[in-house]
Structure formats: structure tokens, C-alpha cells
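**Q**
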């Protein structure tokens with residue numbers, strides 16, 4: 001051996017650097033799996049929605065123009081029967097030019113899909129739609 005090699009210390013082994021991101025990813029995945037499994041085991045009841053009702057608004061004080069929507073796709077604009085095809089033509093003279101607004105009062109038994117399809121009609125685009133509800137008067141026993 002040469003004298004140079006005899007007097008030197010052996011090289012220290014390289015330290016392995018730990019990667020903590022792998023541990024973090026494992027913990028997050030385990031939490032995700034836990035919540036997925038525990039969420040699927042819980043039984044949920046069907047969601048029911050109680051519609052809002054008012055009791056203090058007289059019918060003559062309802063906002064105008066008012067579109068009444070009854071079961072069977074019957075439409076009344078300010079009390080006059082209209083068809084879905086003639087709705088926009090009937091609405092034009094009643095709308096304010098600055099802020100066109102239509103108030104819709106749908107019967108309680110009208111399917112939600114029918115109300116949504118009425119609101120999404122192409123001829124009603126650009127008109128602000130407001131839904132109006134009525135409260136039922138409670139009778140005292």
C-alpha cells in the first residue's frame with residue numbers, strides 16, 4: 001500500500017435522504033378511502049323540500065306582469081289566458097324597456113320540470129324572472 005492511502009480515513013457512506021412526500025400521499029389516500037367507504041355505508045333518507053308559502057299578500061297586490069302557471073300547462077298573463085306560443089307577443093306591451101321583468105306564480109302541483117322549461121324558453125331570454133309565492137291562511141279551530 002502506498003503511504004497516501006494508509007493515512008486517509010475511509011469515505012463515509014452517503015446518507016439516504018428521506019422523502020416525506022410519499023408518507024403524506026399515503027396518509028391522504030388512506031383518508032380518502034376511509035371517507036369513501038364510511039360514506040357508502042351510511043344510509044340516507046330521500047331529500048324532501050318544503051316549498052315556501054306566504055299568508056299576508058292579497059291577490060290584488062301581486063306584482064305585474066304576473067304569469068299564472070296551472071297544472072296542465074295553462075298559462076294566464078294578468079288574468080288573460082295565453083298559449084306558450086303567444087306568450088312573448090302578449091308580454092311585449094307589458095314589459096318595462098329599462099328592466100324587463102316577469103313575475104311567475106306557479107301552482108303548487110306544477111312539476112318543477114315544467115316550470116324550469118318555461119323559464120328557459122328562448123323567447124324569454126333577456127327578461128328578469130321572479131318567482132312569486134302565496135301563503136295559505138291558517139284557519140283557527
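Numbering (the UniProt record's numbering), first residue to last: 1 to 141.
All C-beta atoms, glycine included, are put in the ideal place defined by N, C-alpha and C.
Only a predicted model underlies this, so the values are computations on that prediction, with no experimental measurement involved.
Between the beta-carbon of residue 100 and the beta-carbon of residue 127, is there less than 8 Å?
**A** Here the question's residue 100 lines up with position 100 in the chain shown. Here the question's residue 127 lines up with position 127 in the chain shown. Yes, the pair counts as a contact, with Cβ atoms nearer than the cut-off.
**Q** Using the rule of at least 16 other Cβ atoms within 10 Å of the residue's Cβ for burial, across every protein chain shown, is residue 22 buried or exposed?
**A** Numbered from 1 along the chain shown, position 22 holds the residue referred to as residue 22. So residue 22 ends up on the exposed side.
**Q** Beta carbon of residue 71, beta carbon of residue 103: below 8 Å?
**A** For the purposes of this step, residue 71 is identified with residue 71 of the chain shown, where counting begins at 1. For the purposes of this step, residue 103 is identified with residue 103 of the chain shown, where counting begins at 1. The answer is no: Cβ separation not under 8 Å.
**Q** Helix, strand or coil, according to DSSP, for residue 9 in the structure here?
**A** Here residue 9 refers to the residue found at position 9 when the chain shown is read from its first residue. Three-state DSSP puts residue 9 in coil, outside helix and strand.
**Q** What residues in its chain sit with their C-beta under 7 Å from that of residue 129, if we drop five residues either side in the sequence?
**A** What you label residue 129 is simply residue 129 of the chain shown in a count that begins at 1. Only 102, 104, 119 meet the Cβ criterion.
**Q** What span of residues does the beta strand (DSSP E) with residue 82 cover, start to end?
**A** Here residue 82 is taken as the residue at index 82 of the chain shown, counted from 1. Counting along the chain, the beta strand (DSSP E) containing residue 82 begins and ends at 80-82.
**Q** Span of the alpha helix (DSSP H) holding residue 114?
**A** As a position in the chain shown, residue 114 is number 114, starting the count at 1. Start and end: 112-119.
**Q** Spell out the partners DSSP gives residue 129 in its beta bridges.
**A** One-based indexing of the chain shown puts residue 129 at position 129. Paired residues: 102.
**Q** Can you have a look at residue 97 and say buried or exposed, based on whether 16 or more other CB atoms are within 10 angstroms of its CB?
**A** As a first step, residue 97 must be located in the chain shown, where it is residue number 97. Classification of residue 97: exposed, given that the 10 Å Cβ count is below 16.
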